[in-house]
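Student: Before I ask anything, let me first share the structure, which is written out below as structure tokens.
See below:
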């Protein structure tokens, strides 16, 4: 089943309400909540390192850390759900929550037709510490350990539902939990069952366990619209559904295996200048451990700088030691903001080097999966996305192969315009214009030739 019936669409059309803007009222029903939840919601991209004279709270690593994110079609309620999670948990823990407007106004980065609009919030359940990214993640942007697929009950699956779910599969997110949102706007229970069935079939189509994937039906807006004069609106769809969702995420998304023993590698997502302190780089630590005082090296974009880590923070809390999986900001010595660019990596000196040419196993998306409609040949030039960088590359087909068809799995030689961080086993995606056309894995590092250099001028 790929679309809702005309009758169902007609029913839904009369129930669609204005959901993009709302007034988040103060929650005043603590008795409804589980006391085992608490939250501290702060914007990751606007972290500020305090002056040396001011003591900062130290992050207590007393629970395992997991990176989670919300994905789904535009206006299906991803940001509303993120705000609802923070509000429900904030009320239980006595901390402030992150309002919808604060999340929705996060800084935007637009590049080559791709808009990245992300806000990070932090929350803690009874069992785990979460860093939650409110955006459709891309392979070059954030490494998710699991994700919440948000689908509006008023619409069912839409084009971006498919696109984001496929993207999650491409970047290696193996565990997805579904939240069917806006259930309060649908009176027909059969419609909710139809939407759930449709989503399970879509999950199966993309290689997930559609039959056993947890699905929670609720309304993020109901969880927000609670106050002293406006009592809890449909608690089973609102607050209780959000709590149920969090409990399921705790149980269903396994704890990731972190590579702590390897030399540290931090793909750079952002660079900030902190007056009176210096330059701060942000990102998700791919592997290893970083400590204050560690020597570090920045590599990529034909640049190389050495420095020292003088401070580490995560969600406005000081860290003496950051571990793989942490979303952190690192204060580095002696570098200017313009020295470092997104896409570079911070690593242990001498542990990694950029490469320009690789052999890779690539799956080329079919037309039905949102990929190309036509085959491509040697010298085709898509853009490769990996870690936090993107770079134009030139494709060379293996042997005497003439073309690659959509839906084909094949070995390709890829030569970047300039050297970037590439290792065996590294994942990447290929895009052409605004369309993802393939996903792949580096199988070997190759040596560039004079011809390769000549081809790029």
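Residue numbers (the working numbering): 3 to 459.
Ideal placement from N, C-alpha and C gives every residue a C-beta, glycine not left out.
Being a predicted model, the structure only gives us computed values, none of them experimental.
In whole angstroms, what separates the C-alpha of residue 76 from that of residue 183?
Tutor: Translated into the one-based positions of the chain shown, residue 76 becomes position 74. Translated into the one-based positions of the chain shown, residue 183 becomes position 181. Whole-angstrom Cα-Cα distance: 13 Å.
Student: Short check: CB of residue 194 to CB of residue 155, under 8 Å?
Tutor: One-based indexing of the chain shown puts residue 194 at position 192. One-based indexing of the chain shown puts residue 155 at position 153. The answer is yes: Cβ separation under 8 Å.
Student: Output the boundary residues of the beta strand (DSSP E) element that contains residue 359.
Tutor: As a working mapping, residue 359 is identified with position 357 in the chain shown. Element bounds for residue 359: 356-366.
Student: Would you grab the beta carbon distance between residue 179 and residue 254 for me? Rounded to a whole angstrom, and I think it's under 8 Å.
Tutor: In the chain shown, residue 179 corresponds to position 177, counting from 1. In the chain shown, residue 254 corresponds to position 252, counting from 1. Their Cβ separation, rounded to whole angstroms, is 6 Å, which keeps residue 179 and residue 254 in contact under 8 Å.
Student: Could you tell me which residues DSSP pairs with residue 218 in its beta bridges?
Tutor: Start at 1 with the first residue of the chain shown, and residue 218 comes out as number 216. DSSP output for residue 218 lists 181 as bridge partner(s).
Student: Go to residue 241, then tell me how far its alpha helix (DSSP H) extends in each direction, as first and last residue.
Tutor: Position 239 of the chain shown holds residue 241. It spans 241-254 - the alpha helix (DSSP H) in which residue 241 sits, taken as one unbroken run.
Student: Just the Cα atoms here: how many angstroms apart are residue 162 and residue 262?
Tutor: Numbered from 1 along the chain shown, position 160 holds the residue referred to as residue 162. Numbered from 1 along the chain shown, position 260 holds the residue referred to as residue 262. Whole-angstrom Cα-Cα distance: 35 Å.
Student: So is residue 456 buried or exposed if we call it buried at 16+ other beta carbons inside 10 Å?
Tutor: The residue given as residue 456 occupies position 454 in the chain shown. Answer is exposed; the Cβ neighbour count stays below 16.
Student: Assign residue 449 to buried or exposed, taking buried as 16 or more other Cβ atoms, counted over all protein chains shown, within 10 Å of its Cβ.
Tutor: By 1-based counting over the chain shown, the position of residue 449 is 447. It counts as exposed.
Student: In terms of residues, what are the limits of the alpha helix (DSSP H) holding residue 206?
Tutor: By one-based count along the chain shown, residue 206 stands at place 204. First-last of the alpha helix (DSSP H) with residue 206: 191-207.
Student: With which residues is residue 318 paired in a DSSP beta bridge?
Tutor: To locate residue 318, count along the chain shown from 1; it is residue 316. In the DSSP output, where bridge partners are listed per residue, residue 318 has none listed.
Student: Taking the continuous beta strand (DSSP E) assigned at residue 421, which residues delimit it?
Tutor: If you number the chain shown from 1, residue 421 lands on position 419. That run of the beta strand (DSSP E) goes 411-423.
Student: Determine, using beta-carbon pairs with one atom in the segment 270-288 and one in the segment 334-345, whether at least three such pairs fall under 8 Å.
Tutor: As far as the Cβ criterion goes, the segment 270-288 touches the segment 334-345, which means the pair count is three or higher.
Student: Distance check for residue 453 and residue 71, CA to CA, integer angstroms please.
Tutor: Mapped onto the chain shown, residue 71 falls at position 69. Mapped onto the chain shown, residue 453 falls at position 451. Using only the alpha carbons, I get a separation of about 43 Å.
Student: Tell me whether the beta-carbon of residue 145 lies closer than 8 Å to the beta-carbon of residue 284.
Tutor: Position 143 of the chain shown, counting from 1, holds the residue named residue 145. Position 282 of the chain shown, counting from 1, holds the residue named residue 284. Their beta carbons are not under 8 Å apart, which means residue 145 does not touch residue 284 by this criterion.
Student: Based on the DSSP secondary-structure assignment, which residues constitute the bridge partners of residue 134?
Tutor: In the chain shown, residue 134 corresponds to position 132, counting from 1. Looking at the DSSP assignment, residue 134 forms a beta bridge with 70 and 123.
Student: Taking the alpha-carbon of residue 295 as reference, which of 305, 314 and 304 has the nearest alpha-carbon?
Tutor: The residue you call residue 295 lines up with position 293 of the chain shown. Taking only the C-alpha atoms, the option nearest residue 295 is 314.
Student: Evaluate contact between the segment 263-275 and the segment 304-318, counting only Cβ atoms and requiring at least three cross-stretch pairs below 8 Å.
Tutor: No, the segment 263-275 does not touch the segment 304-318.
Student: What are the uninterrupted segments assigned as beta strand (DSSP E) that are 3 or more residues long and contained completely in the segment 260-313, given in chain order?
Tutor: Fully enclosed beta strand (DSSP E) runs of 3 or longer: 267-269, 272-276, 280-286, 291-293 and 297-302.
Student: Excluding the 5 residues flanking residue 406 on each side, which residues of the same chain have their C-beta closer than 7 Å to its C-beta?
Tutor: Looking up residue 406 in the chain shown gives position 404. If we look at residue 406 and ignore the five residues flanking it on each side, its Cβ neighbours are 366, 377, 378, 399 and 412.
Student: Work out the CA separation of residue 354 and residue 442 for me, nearest whole Å.
Tutor: In the chain shown, residue 442 corresponds to position 440, counting from 1. In the chain shown, residue 354 corresponds to position 352, counting from 1. Distance between the alpha carbons of residue 442 and residue 354: 21 Å.
Student: DSSP three-state call for residue 437: helix, strand or coil?
Tutor: On the chain shown, residue 437 is found 435 positions in, with the first residue counted as 1. Reduced to three states, the DSSP call for residue 437 is strand.
Student: Looking only at its chain, what residues have a beta carbon closer than 6 Å to the beta carbon of residue 300, apart from the 5 residues adjacent to it on each side?
Tutor: Here residue 300 refers to the residue found at position 298 when the chain shown is read from its first residue. So the qualifying residues of the chain are 307, 342, 346 and 348.
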